[in-house]
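In the UniProt record's numbering, the protein residues as written are 1 to 213.
Beta carbons are placed, not taken as given, at the ideal position from N, Cα and C, and that holds for glycine.
Note that the structure is predicted; figures quoted are calculated from it, not measured.
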């Protein structure tokens with residue numbers, strides 16, 4: 001059977017197109033309306049950082065402590081400067097006086113009463129009999145009760161020395177070699193001197209030098 005020739009396009013009903021919307025023609029010479037301007041958006045607020053009240057209190061307290069401490073240090077330094085300025089400087093004369101006071105006190109406390117002494121020139125006396133002689137050289141000093149004794153000794157010195165010479169001349173050599181016997185000789189010299197003195201007295205006799213040859 002011969003195929004039928006198609007003269008018209010067979011249209012598939014499933015592929016039918018939807019009818020296009022009719023476009024309304026805009027009148028000539030009029031511009032299309034402008035779109036409404038968009039309102040600016042407000043910037044988003046960033047969240048505020050939370051403040052730690054404890055740390056804030058510690059910072060404020062520390063600042064107050066430092067301020068009070070600094071003021072106290074300044075006040076103390078000013079007070080010390082005032083005290084140092086008011087303190088008078090010692091004068092050189094004051095220093096000399098301070099040094100002199102202890103020395104004067106020591107001199108006043110240490111008092112030594114030196115005895116009044118009269119020193120005789122040495123006596124050279126031969127001792128003993130012939131064939132057993134010795135030469136004795138003796139010097140001594142006597143302690144006086146007052147200054148007037150010295151004047152009387154000087155006035156009668158020749159007679160006094162002669163009496164002492166004969167007193168020593170009659171002693172033996174052993175007397176001058178024995179300490180106790182020599183002390184008795186010193187006492188005899190004091191007695192002999194007191195016989196020649198009218199005012200005052202001779203208190204003691206001290207042998208200062210003794211040589212036996």
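Legend entry - residue 163 in three-state terms, based on DSSP: Residue 163: helix per DSSP, three-state reduction.
Legend entry - Beta carbon of residue 238 nearer than 8 Å to that of residue 139: Because residue 238 is not part of the residues shown, which for the chain are 1 to 213, the question remains open.
Inset, instruction - Would you kindly work out how many angstroms separate the C-alpha atoms of residue 213 and residue 177, rounded to a whole number? - result: Distance between the alpha carbons of residue 213 and residue 177: 12 Å.
Inset, instruction - Quick one: residues in its chain with C-beta nearer than 6 Å to the C-beta of residue 119, no 5 flanking neighbours on either side, listed in chain order? - result: 141, listed in sequence order.
Inset, instruction - Measure the Cβ-Cβ separation of residue 175 and residue 181 and say whether it is below 8 Å. - result: Taking a C-beta distance under 8 Å as the contact criterion, residue 175 and residue 181 qualify as a contact pair.
Inset, instruction - Please name the residue or residues paired with residue 120 in a DSSP beta bridge. - result: In DSSP, residue 120 forms no bridge with anything.
Inset, instruction - Pick helix, strand or coil for residue 135, following the three-state DSSP scheme. - result: Looking at residue 135 - three-state DSSP - the assignment turns out to be strand.
Inset, instruction - Identify whether residue 170 lies in helix, strand or coil by the three-state DSSP scheme. - result: Three-state DSSP puts residue 170 in coil, outside helix and strand.
Inset, instruction - Give the straight-line distance between the Cα atoms of residue 116 and residue 150, rounded to the nearest whole angstrom. - result: Computed Cα separation, rounded: 9 Å.
Inset, instruction - Tell me, to the nearest whole angstrom, how far the beta carbon of residue 189 is from that of residue 164; I am working on the premise that it is less than 8 Å. - result: Taking 8 Å as the upper bound for CB-CB distance, residue 189 and residue 164 are in contact here, some 6 Å apart.
Inset, instruction - Alpha carbon to alpha carbon, how far is residue 206 from residue 158? Give it in angstroms, no decimals. - result: Computed Cα separation, rounded: 20 Å.
Legend entry - residue 7 - DSSP class collapsed to helix/strand/coil: The predicted model places residue 7 with a pLDDT of 46, which falls under 50 and marks its position as unreliable; any figure quoted below should be read in that light. Residue state, collapsed to three classes: coil.
Legend entry - Close Cβ partners of residue 194 (< 7 Å) along its chain, the five nearest in sequence each way excluded: For residue 194, where only same-chain residues beyond five positions count, the Cβ hits under 7 Å are 201, 202.
Legend entry - Nearest to residue 113 (by Cα), restricted to the options 145, 169, 192, 68: Nearest to residue 113 by C-alpha distance, out of 145, 169, 192, 68, is 145.
Legend entry - Spatial neighbours of residue 135 in its chain, beta-carbon cut-off 6 Å, leaving aside the 5 residues before and after: Excluding sequence positions up to five before and after residue 135, its CB lies within less than 6 Å of the CB of 126, 213, all in the same chain and listed in chain order.
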